[in-house]
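Engineer:
Protein chains in written order, with the working numbering: chain A, 42 to 663; chain B, 947 to 1441.
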C-alpha cells in the first residue's frame, strides 16, 4: 500500500469540514451530521488499518512542497510513528464519541452546518499537530487549533460574553505561539531544518546554553495551548462554548497539544536539566494553582476546566521528570475520563434545566436516568485517582517518577503533587455530592436527555476505568505495554524497588480517601456556598484576570491611544498642518500687496525705482 | 558596454499591455453617453490586459540575466531618453497582481453612478501608469509613469470620495508630489554626473548603475529617491496621508491605493534605489530595519485604536509594509522572496477586505466599528468570507499572508535575529486588531433590520480572491519560482 494514503487520516475530517461549511446548510440535517461523524470515525478506522506503519521507526509521507525558498524547504509531510499512533487513535476515537454526543446535544440548534464543520476542522488541526513531520506543518495545526477553539468557544456569537471568551483564548494562546515561533526560527538557523526527527538527531550539536533557551521558549509555547501558568487564564472562560466543544478541547484536541509538542521534541529538551526543572516547576505550580481554584468554583464546567489544567500540570511534571510514557499515559487516561465527565456534565446541565450553578443542583440523579450517576461517579473516581482506576495508575506513575528523580528539588515538586492529589480528590467528590446528593435546590424544568447523549458516555467511561491496563506496572502483573511500545522515544525507564512503590501507592491512596472523606463531611448536605474572602479569591482564579488586565491590556490600550492620537494626530499631522498653515499665512501676507489699487502699485514702482537708482549710483561712485 | 542599438521583439507585448488600458480610457472618455458600454469596455480591457499578463507568464522564458521581454528604442535622442520596457520575475509578479486586481476594481466599480465614463477612464489610466512603473527601465519613462499613476488617484479621491475628500486628495497629492520632485532632482543629478564621467548620457538604470559616485553623492541622490519611495510606501513617519486618503477614497480607489499604488514605493526601492546606490544602501539597511520595526508596532497600535474600518485597514497595511521592508533590510534571499510574496498576499487580502467594506457600507451605510454588530446572523456568506480574509490578514498558516511572513522572518533571523524576534511579536498585534475588527463586525446582536447576503456580482469578485488567498497560503511556489533569479541578481549587487 502507498504510504501517501496516510494523508487520508487528517484529510478525511478536513474534506468533511469543508463540505459541511460550504454546503452544510443546504443539505438535510441528517446528512450533515452523518458526514461529520463519518469523517472522524473514518479517520479512526484508517488509523487502525494503518497501524502497522507506525512500528519500526514509523513511516513518512510527503504530499507536496509547501514553501521552497533557497535553503528553506518545507513540505507537507507527515510522520506516523510510535509516538503519533496511539495519540491519533485516541483523538479520533474520543472525537468520534464526542461527535455522536454532539449530534444529540445540538439537535435543536439551527446553525448545524457551521458547528459540525468547525468540529471536524478542529479534529483535522489536531491531527496535523500529531502527525506533522516538520515544525512548520505542526505550527499550521497549532494555529488551526487556536482558530477552531476561537470560533467554537464563541459559537453562540449573539452573546458578547461568548465571543469575548473566544477572542481571549485566541489572543492568549497566540502570545504563547510567539515564543514557539521564535524557537522555530532559531532551530532553523541552528540546524538548517525544521524536520522534527532531524532536529532531535542534531540536538547534541547545539550548545547547552542555547538548548536551555530553546527549551524555555518551547515551554512557553506549550503553556499557551495547554493552559499552564502564566498563560492559563483563557481555559476557564472557554466554558462559554457548547459542551461538546468543551469535551473536545479538554480531552482530545487543543490542551494536550502542548504536552505532545514537548514529547515530540523530548530528545532536545531533555538535554537541558534547567529546562526540565522549569517544565516540572510550571507543571507542579499549575497543578496546585488549578486545584485550589477548583475548590471554590460554583459552576460545574468551571470545576472541570480547572481540573483539566491541574491534570495537564501533572503531565508537564512527568515530562520534566524525564518520562514520556508517564506523560502520554496520563494524557490518554485523562482524555477518556475527562471526555466522559464533560459529556455527563452536559447531560446533568440538561437535567438541571440549563443550570450551570452547582448550588442550584442537588439530587439530579432522581430527575433522569440512574445510569448518569454511575458514569459520572466512575469518571470522577478516575479523576480523583481512586485505586485501580485508570487515573490512579497514570497519576501514580508520574508521582513515582518525580519522587525517584535524583535532583532534591524534585522532592518538593513531589510534595506539591501529593498535595494536589489530595485537593483533587476533595474537589472531585465535592462536585459529585453537590450534583447528586441531597434534595434538588434548583427550580428549572429538566430537559429530556436523548439516547445519543447517554450511550457515547459509556464506552469512554469504561475506557477510563480500564485504561490502566495499557501500561500496568510490573508488580500488578502488567507488562508496561505503552512503555515498551514507545521504545526509544519513551524517555527514562523507572526501576524503583517494590518497597518504595508500595509505600507511595499507599500514601496516595490514603490521601485520595481522606479527600473523599472530607468532601463527604462537608458537602453531603449543603444549601448555600460559604463565601469568605479566601473562597472569593479562589473563585476568581487568584484574581489573575485583573492582574493581567492591569499589567498588559491597559498599557497596551494606552499605548494604542498614544500612537494613534499623540503621535499621528498631534505630532505628525500637527507638523504637517503647521507647515501648511505657515505657507498659507505667508500667502496672506503677500496677498496684502495685491490690493488692486493703482496708487499702491505706482508708489511701489516709484520706491523700487528709487532703490534701484540709488544702488546703481552707489556702484558708480565706487 | 553601452547599448544604443534598438531592440524590438517580434511582437511588442509589453507595449500592448501598457497602452491597451490607456486606449481603453480614451474610448471611455469619447463614449461617455452610454454608461453601460463604459462599464463593459472597462471590464473587457481589464480582462484582456490580464490575459496578456497570464500569456506572458505562461509562454515566455527568461534569458540568463532573468529578463523576459525587452523593448528598447530611442525616444528623445537629444537627451538620450530611451523607450525601454522590460520584464523580469519581480515585475512579472507585480504585473500579475496589478492586472488581476484591476479586474476586481472594475467589477467593484459597477455601482458607481456619477460620471461613469470618466471613472472607468481614470481606472484604466491608473492601470497603464502602474504597469509602466513596473516595466520601465529608463528613469525618465519611469518618472512619467510615476506621475501618470498619481493623477487619476487624485481625481478618484477628489471627485468620488466621501465628505472630507478635497482635504484628503490634496494631502495625498502634495505629499506624493513633494516626494517625486526630490526624485526628479536626483534623476537629473545622476544623469549629469554619469554623463560627465563617461561622456555618454543615459537615463537607463543599467547604465546609471555603473556610475562611480562618492559616498556623499550617493547619500544625496539616494535620499532624493528615498523621499519619493518612502512617502509612497508609506514608511513611518511619512505615513499619515494613507489613512486619510484611504478613508475618504471611494471603494475602488482605496482598493487600488492599498493593493497597488503603495507597492510602487517598495518596488522603486528594489528596482531603482538599491541597485543604483549599493554603498549608501548597505550603510542604511540598519536604519531601514529600525524604521520598519517602528512601523510594524506603531501602525499596529494605531490600527487597534481606530473605529473606522478603512483607517484600521490603512494602518494594518502600513504595519504589513513594515514587515516587507524589514525583510528587504535583512538582505537575504529568503527574506526578499518573503517580502515580495507578502506584498502580493497583502494586496490580495487587504484588497479583498476593502472590497468587502464597500459591500458592507452599501448595506448598512456605516464603517464605524462602534455601530456595526452581528453581521453573521444576517449575511452568513458575506461574513464567512470576511472572516477568511481577516484571518489571512492576521497571518493564519495555510492562508496567504503567512507564507510571506514566515519567509521574511526565517530570512531575517539568519542575519538579524533580534529583528526577527521583534517582528514575530508584531504578529500578536495583527491578531489583536483583526480580532477586534471581527468581534465588532461579525459577532453580537444584529443592529439593523434586514441585510441582504452576497449578490452574484459580489460573489464573482470575492471567489477569485478567496481562491488566491488559499492558493498563496498552500502553494506559493507558483509565485516564488519567477522571483528566484531576479532576487539572486538583486542581492548580488551589494558589495
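Ideal placement from N, C-alpha and C gives every residue a C-beta, glycine not left out. None of these values were measured; they are calculated from a predicted model.
Whose Cβ in chain A lies nearer than 8 Å to the Cβ of residue 1385 (chain B)?
Structural biologist: Chain A residues near residue 1385 (chain B): 204, 205 and 208.
Engineer: What distance in whole Å lies between the Cβ atoms of residue 1251 (chain B) and residue 605 (chain A), which are believed to be in contact at a cut-off of 8 Å?
Structural biologist: Their Cβ separation, rounded to whole angstroms, is 4 Å, which keeps residue 605 (chain A) and residue 1251 (chain B) in contact under 8 Å.
Engineer: How would you call residue 1292 (chain B), buried or exposed, if buried means at least 16 neighbouring beta carbons within 10 angstroms?
Structural biologist: Label assigned to residue 1292 (chain B): buried.
Engineer: Could you please give me the residues that DSSP links to residue 1264 (chain B) through a beta bridge?
Structural biologist: Partner(s): none; residue 1264 (chain B) has no beta bridge.
Engineer: Among all the DSSP beta bridges, which residues are the ones paired with residue 110 (chain A)?
Structural biologist: A:113, per the DSSP bridge assignment.
Engineer: Residue 198 (chain A) CB to nearest chain B CB: under 9 Å?
Structural biologist: Yes, because at least one Cβ of chain B sits closer than 9 Å to the Cβ of residue 198 (chain A).
Engineer: From residue 1440 (chain B) to residue 1165 (chain B), what does the alpha carbon distance come to, in whole angstroms?
Structural biologist: For residue 1440 (chain B), the pLDDT reaches just 44, beneath the cut-off of 50, and the residue's location in the model is therefore unreliable, leaving the point undetermined.
Engineer: Step through the CB atoms of chain A and report whether any lies within less than 9 Å of the CB of residue 1374 (chain B).
Structural biologist: It does; some Cβ of chain A falls within 9 Å.
Engineer: For the candidate residues B:1103, B:1132, B:1260 and B:1158, whose alpha-carbon lies nearest to that of residue 1089 (chain B)?
Structural biologist: Comparing Cα positions, the closest option is B:1132.
Engineer: Would you tell me roughly how many angstroms separate the C-alpha atoms of residue 255 (chain A) and residue 238 (chain A), rounded to the nearest one?
Structural biologist: Looking at the two C-alpha atoms, the distance is approximately 16 Å.
Engineer: Any idea what DSSP makes of residue 1033 (chain B), helix, strand or coil?
Structural biologist: DSSP places residue 1033 (chain B) in strand when its eight states are reduced to three.
Engineer: Rounded C-beta distance between residue 1260 (chain B) and residue 1196 (chain B)? I'm assuming under 8 Å.
Structural biologist: Not really, about 15 Å apart at Cβ, beyond 8 Å.
Engineer: Is residue 1257 (chain B) close to the ligand COA? I mean its beta-carbon at under 8 Å from any heavy atom of the ligand.
Structural biologist: Although the ligand COA was asked about, the structure shown includes no ligands whatsoever.
Engineer: For residue 240 (chain A) and chain B, any beta-carbon pair shorter than 9 Å?
Structural biologist: It does not; no Cβ of chain B falls within 9 Å.
Engineer: Check this for me: beta carbons of residue 1359 (chain B) and residue 399 (chain A), under 9 Å apart or not?
Structural biologist: For residue 1359 (chain B) and residue 399 (chain A), no; Cβs fall outside 9 Å.
Engineer: Taking the runs of the alpha helix (DSSP H) that are 4 residues or longer, which of them lie wholly in the region 318–361 of chain A?
Structural biologist: Here the runs fully enclosed are 341–361.
Engineer: Is the CB-CB distance between residue 231 (chain A) and residue 251 (chain A) below 9 Å?
Structural biologist: It is a contact, given that the beta carbons lie within the stated cut-off.
Engineer: Counting only beta-carbon atoms, is residue 248 (chain A) nearer than 9 Å to chain B?
Structural biologist: So, not an interface residue.
Engineer: Between the alpha carbons of residue 125 (chain A) and residue 1011 (chain B), how many angstroms are there, rounded?
Structural biologist: The straight-line gap from Cα to Cα measures roughly 47 Å.
Engineer: Leaving aside the five residues before and after residue 1034 (chain B) along the sequence, list all residues of the same chain whose C-beta is less than 7 Å from its C-beta, in chain order.
Structural biologist: Taken in chain order, the residues that qualify are 1008, 1012, 1013, 1014 and 1432.
Engineer: Determine which residues of the region 994–1017 of chain B have a Cβ less than 8 Å from any Cβ of chain A, and write them out in chain order.
Structural biologist: Listed in sequence order: no entries.
Engineer: For the pair the region 1174–1185 of chain B and the region 1210–1220 of chain B, tell me if three or more CB-CB distances fall below 8 Å.
Structural biologist: These segments touch.
Engineer: Considering Cα atoms alone, identify which of B:1280, B:1156, B:1241 and B:1273 is closest to residue 1223 (chain B).
Structural biologist: Minimum Cα distance to residue 1223 (chain B) is reached at B:1156.
Engineer: Run through the DSSP bridge pairs and tell me what residue 1084 (chain B) is partnered with.
Structural biologist: According to DSSP, which records beta bridges pairwise, residue 1084 (chain B) is partnered with B:1150.
Engineer: Which residues in the same chain have their Cβ closer than 6 Å to the Cβ of residue 135 (chain A), if we skip the five residues on either side of it in sequence?
Structural biologist: Result list for residue 135 (chain A): 292, 293, 376 and 380, in chain order.
Engineer: By the three-class DSSP mapping on this structure, what secondary structure does residue 995 (chain B) have?
Structural biologist: Residue 995 (chain B) falls in the helix class under three-state DSSP.
Engineer: Rounded to whole angstroms, what's the CA-CA distance from residue 105 (chain A) to residue 425 (chain A)? Just pull it up for me.
Structural biologist: Going by the C-alpha atoms only, they are around 46 Å apart.
Engineer: Just how far apart, CA to CA, sit residue 151 (chain A) and residue 503 (chain A)?
Structural biologist: Using only the alpha carbons, I get a separation of about 33 Å.
Engineer: Would you report the Cα separation of residue 522 (chain A) and residue 513 (chain A), rounded to the nearest angstrom?
Structural biologist: C-alpha separation (whole angstroms): 7 Å.
Engineer: On a CA-only basis, which of A:273, A:305 and A:367 is nearest residue 348 (chain A)? Give me that one, please.
Structural biologist: The shortest Cα separation from residue 348 (chain A) among A:273, A:305 and A:367 belongs to A:273.
Engineer: Starting from residue 304 (chain A), trace the alpha helix (DSSP H) in both directions and tell me its first and last residue.
Structural biologist: Taken as a continuous stretch (DSSP letters only), the alpha helix (DSSP H) holding residue 304 (chain A) covers 297–305.
Engineer: Considering only residues of the same chain and omitting the five flanking positions on each side of residue 497 (chain A), which have a CB-CB separation below 7 Å?
Structural biologist: Around residue 497 (chain A): 138, 141, 142 and 384.
Engineer: Report the residues of the region 1386–1406 of chain B with a CB closer than 9 Å to any CB of chain A, ordered along the chain.
Structural biologist: Listed by position along the chain: 1388, 1389, 1390, 1391 and 1392.
Engineer: Contact criterion: CB-CB distance below 9 Å. Does residue 13 (chain A) meet it with respect to chain B?
Structural biologist: It is not possible to answer for residue 13 (chain A), since the shown part of chain A is limited to 42 through 663.
Engineer: Check this for me: beta carbons of residue 387 (chain A) and residue 285 (chain A), under 9 Å apart or not?
Structural biologist: Yes.
Engineer: To be precise: take each residue of the region 1163–1194 of chain B, compare its Cβ to all Cβ atoms of chain A, and keep it if any distance is under 7 Å. Which residues remain?
Structural biologist: Listed by position along the chain: 1183 and 1186.
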